[in-house]
Amino acid sequence: MSIKMGVLGPKGTHSEAAASYLNERLDTPYELVTVPDLFECLQEVDEGRLDTALVPVENSLEGAINITLDTLARSETLEVARELIWPVHNQLMAKCGAETIRRVYSHPQPISQCRAYLQQHYPQAEIVKVSSTARAAELVAAESASSGWAAICTARAGELNGLHTVAAEIQDNMANCTRFFQVRRRGTGNPVLPKEKVLIICQIDGQKAGALYDVLKEFAERGINMTRIESRPARTELGAYIFFFDLEYTPDEQALQESIEAVAKKSIWLKNLGTFPVYTVE
Ligand SMILES: O=C(O)C(=O)C[C@]1(C(=O)O)C=C[C@@H](O)C=C1
1 MSIKMGVLGP KGTHSEAAAS YLNERLDTPY ELVTVPDLFE CLQEVDEGRL
51 DTALVPVENS LEGAINITLD TLARSETLEV ARELIWPVHN QLMAKCGAET
101 IRRVYSHPQP ISQCRAYLQQ HYPQAEIVKV SSTARAAELV AAESASSGWA
151 AICTARAGEL NGLHTVAAEI QDNMANCTRF FQVRRRGTGN PVLPKEKVLI
201 ICQIDGQKAG ALYDVLKEFA ERGINMTRIE SRPARTELGA YIFFFDLEYT
251 PDEQALQESI EAVAKKSIWL KNLGTFPVYT VE
């Protein structure tokens with residue numbers, strides 16, 4: 001029986017491209033299943049209808065993908081199995097020519113990733129945000145060339161929908177990349193993957209002076225390298241926050257374990273979302 005991995009769809013998204021890349025590196029590739037919405041994709045895994053999912057978590061130009069962070073923080077079930085750092089290439093694709101474009105469709109992230117390009121070349125165009133880049137390509141394909149509609153999408157999404165490239169590589173920075181997490185339910189999947197990173201989520205009492213400093217100290221004093229810190233509202237009251245700590249895995253497991261236990265004692269709650277390998281694209 002095949003193992004099903006959810007990705008944001010329809011076919012042709014950046015997420016699907018990233019999942020296909022990951023699949024090529026695995027002994028047993030996943031069967032990719034496209035889901036129209038990111039939250040739904042995570043829920044399908046949480047509730048057991050999909051085995052796993054590859055979801056975006058952070059972009060180098062635009063920062064955190066909040067829905068992924070918030071869902072991971074609230075779930076009692078999900079953990080991270082792998083991380084993939086994926087270079088994001090955005091193309092402007094349409095049926096019409098460059099000079100007649102008057103409306104541009106895309107996912108909010110690529111719209112932000114291409115902000116300078118759009119301001120310079122299409123300052124008058126109406127910008128329309130939709131659920132994914134591939135959905136944008138579908139919408140543009142459904143209209144005639146005279147509509148003047150265009151999509152920011154992957155080359156594959158454009159090709160699948162019969163669009164041509166108006167402008168290639170329009171992201172504001174050529175180092176544009178997105179970090180993806182492969183998530184799964186705790187205790188499922190292969191337990192012997194290489195260990196490179198650890199993800200910890202906790203809520204700290206924001207009313208106490210030095211509370212965050214106290215927590216960071218536990219990592220610093222044991223030589224645990226924190227590679228990222230992110231905060232999100234706890235969604236209980238204004239001023240209450242939860243923190244995401246990405247830690248570099250160290251073979252000194254005792255130091256790592258002790259630091260996490262010490263942070264747990266200083267937190268309202270703490271979750272360890274797993275230890276996992278990081279894949280990068282050469
Ligand atoms: O719309 C897509 O193609 C997606 O896969 C979503 C998404 C995102 O949510 O950030 C994934 C990676 C890129 O940063 C652009 C868009």
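If you read the sequence shown in the UniProt record's numbering, its first letter stands for residue 1, the second for the next number, and so on. Cβ coordinates follow ideal geometry from the N, Cα and C atoms, glycine included.
Asked                                                                                                                                                                    : Found
Would a C-beta distance cut-off of 8 Å place THR133 and ALA151 closer than the cut-off?                                                                                  : yes
Looking at THR52 and CYS81, is the spacing between their C-beta atoms short of 8 Å?                                                                                      : Rather than Cys, the amino acid found at residue 81 in this sequence is Ala. Yes, the Cβ-Cβ distance between ALA81 and THR52 is below 8 Å.
Identify whether SER144 lies in helix, strand or coil by the three-state DSSP scheme.                                                                                    : coil
Can we say the stretch 82-97 touches the stretch 154-171, given the rule of at least three CB pairs closer than 8 Å?                                                     : yes
Which full runs of the beta strand (DSSP E) of 3+ residues lie inside the stretch 20-44, going along the chain?                                                          : 31-35
Beta-carbon within less than 7 Å of residue 285's beta-carbon, same chain only, minus the 5 sequence neighbours each way: which residues are those?                      : Summary: the structure shown does not reach residue 285, with the chain confined to residues 1 through 282, and so no result is reported for it.
Taking the Cβ atom as the reference point for each residue, do GLY9 and LEU160 lie within a distance shorter than 8 Å?                                                   : no
Identify whether GLY63 lies in helix, strand or coil by the three-state DSSP scheme.                                                                                     : strand
Is any heavy atom of ligand 1 found at a distance shorter than 7 Å from the C-beta of VAL88?                                                                             : yes
Report the rounded CA-to-CA distance for residue 363 versus ILE170, giving the unit in angstroms.                                                                        : Examination of residue 363 is not possible in this model, given that the chain is present from 1 through 282 alone.
Should HIS107 be counted as a contact of ligand 1 given a C-beta to heavy atom distance under 7 Å?                                                                       : yes
Can you give me the start and stop residues for the beta strand (DSSP E) that PRO6 sits inside?                                                                          : According to the sequence shown, residue 6 is Gly rather than Pro. That run of the beta strand (DSSP E) goes 4-8.
Alpha carbon to alpha carbon, what distance is there between PRO251 and GLN257?                                                                                          : 11 Å
Excluding the five sequence neighbours on either side, which residues of its own chain have a C-beta within less than 7 Å of the C-beta of ALA73, listed in chain order? : ILE201, ARG232 and ILE242
For ARG184, which residues from the same chain have a beta carbon less than 6 Å from its beta carbon, with the 5 sequence-adjacent residues on both sides left out?      : THR52 and ALA81
Within the continuous beta strand (DSSP E) that includes TYR241, where are the two ends?                                                                                 : 241-248
Using the beta-carbon count (16 or more within 10 Å), is SER144 buried or exposed?                                                                                       : exposed
If we require 3 or more residues per run, which beta strand (DSSP E) segments fall completely within the stretch 81-136?                                                 : 91-94, 103-106 and 126-129
According to DSSP, PHE219 sits in a beta bridge with which residue or residues?                                                                                          : PHE219 pairs with nothing; no bridge assigned.
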